[in-house]
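Each remark here refers to the structure printed beneath this line.
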Amino acid sequence: MGRGCTTFLVVALMTFNVIFLLIGAAILCFAVYCYVDSLIQSAVSRSGHADKMQNLLYALIGLGLLTIVVAVFGCCGAYHESRCLLGTYSICLTIMFGVEIATAALCLVFKVETERRIIQALENIIMRFKNESVDENFDKSDSYRDWIQKSLHCCGINGMSDYPGLTVPSSCCIPKHRNCPEKSASYTIVGCKQVINDLVKEKFLMAIILIMSVPLSKLFALLFAILLCCSVKQRNEVEYTEVQVNV
Numbered sequence: 000m001g002r003g004c005t006t007f008l009v010v011a012l013m014t015f016n017v018i019f020l021l022i023g024a025a026i027l028c029f030a031v032y033c034y035v036d037s038l039i040q041s042a043v044s045r046s047g048h049a050d051k052m053q054n055l056l057y058a059l060i061g062l063g064l065l066t067i068v069v070a071v072f073g074c075c076g077a078y079h080e081s082r083c084l085l086g087t088y089s090i091c092l093t094i095m096f097g098v099e100i101a102t103a104a105l106c107l108v109f110k111v112e113t114e115r116r117i118i119q120a121l122e123n124i125i126m127r128f129k130n131e132s133v134d135e136n137f138d139k140s141d142s143y144r145d146w147i148q149k150s151l152h153c154c155g156i157n158g159m160s161d162y163p164g165l166t167v168p169s170s171c172c173i174p175k176h177r178n179c180p181e182k183s184a185s186y187t188i189v190g191c192k193q194v195i196n197d198l199v200k201e202k203f204l205m206a207i208i209l210i211m212s213v214p215l216s217k218l219f220a221l222l223f224a225i226l227l228c229c230s231v232k233q234r235n236e237v238e239y240t241e242v243q244v245n246v
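Using numbering that gives the first Met the number 0, you'd call the opening residue of the sequence shown number 0 and step up by one each time.
So, in structure tokens, the structure goes:
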């Protein structure tokens with residue numbers, strides 16, 4: 000394999016690993032933010048699956064760190080054209096590729112059950128915040144409930160009927176209606192339960208496709224790493240042969 004091909008493999012592999020490094024950093028930052036943010040932690044504690052969601056955050060933190068470490072191995076291996084580093088990188092990448100493909104496959108196989116669990120957890124969060132917002136002992140639940148309703152453009156669990164009389168919060172208002180909350184017609188009538196159901200079912204497949212794109216890109220990186228490793232081995236053998244001949 001010529002020097003030009005080797006240079007191309009080095010540049011391609013380093014480019015892939017810089018992208019992986021950024022992805023790992025993004026996953027790590029997101030997971031740490033979710034772990035320390037009071038609003039998200041309050042939502043997690045009310046989801047009915049607090050332990051599983053905390054374990055998911057730990058798994059994301061681990062995945063982010065592992066992705067960063069493996070990407071550094073890949074960059075260093077490509078830059079120094081080290082067969083040892085490239086071999087270690089290839090093994091780690093193969094393991095990560097297998098785990099990610101298996102995870103995505105399980106999500107597709109148990110698609111209905113996964114959707115149901117996500118929807119149930121989100122509904123539990125909204126219901127708890129909504130119920131606690133009328134309790135004077137929970138000062139922050141009001142703002143949490145309003146944040147959810149504004150973000151999802153919904154009102155209550157099943158609709159504005161969850162707020163009888165004049166107790167409908169301003170977060171149920173349609174933004175373009177300035178006369179809200181004086182007139183009931185200016186309220187969002189869709190309940191958060193329906194919005195969550197539609198949102199999860201609409202975006203779930205898209206999320207799986209996005210998740211699948213990461214291991215597929217790692218497959219290309221693995222191919223480049225193997226080719227580069229073979230190229231380095233071939234070059235070393237040629238150099239060794241030339242030295243032996245000269246001796």
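Glycine included, each C-beta is placed from N, C-alpha and C at the ideal position. As the structure is a prediction and not an experimental result, all values here were calculated from the model.
{"Asked": "Give the C-beta separation of Cys33 and Leu56 to the nearest angstrom, bearing in mind that I take them to be a contact with Cβ-Cβ under 8 Å.", "Found": "6 Å"}
{"Asked": "Under DSSP, the alpha helix (DSSP H) around His189 begins and ends at which residues?", "Found": "Reading the sequence as shown, one finds Val at residue 189 and not His. No alpha helix (DSSP H) holds Val189; DSSP gives it neither H nor E."}
{"Asked": "Sorted by chain position, which residues of the same chain lie with C-beta nearer than 7 Å to Ala42's C-beta, five sequence neighbours on each side aside?", "Found": "Ile124"}
{"Asked": "Apart from the five residues just before and just after Gly190, which ones in its own chain have a Cβ nearer than 7 Å to its Cβ?", "Found": "Cys153, Cys154, Gly155, Ile156, Asn157 and Gly158"}
{"Asked": "Any contact of the segment 193-202 with the segment 54-73, i.e. 3+ C-beta pairs under 8 Å?", "Found": "no"}
{"Asked": "Using the Cα positions of Ser37 and Phe19, report the straight-line distance between them to the nearest angstrom.", "Found": "29 Å"}
{"Asked": "What does a CB cutoff of less than 7 Å around Cys106 pick up in its chain, not counting 5 residues either side in sequence?", "Found": "Thr113 and Ile207"}
{"Asked": "Can you give me the Cβ contacts of Ala49 inside the same chain, cut-off strictly under 8 Å, excluding the 5 residues immediately before and after it?", "Found": "Val43"}
{"Asked": "Enumerate in chain order the residues of its own chain whose CB-to-CB distance from Glu99 is below 6 Å, with the five nearest sequence positions on each side excluded.", "Found": "Pro214"}
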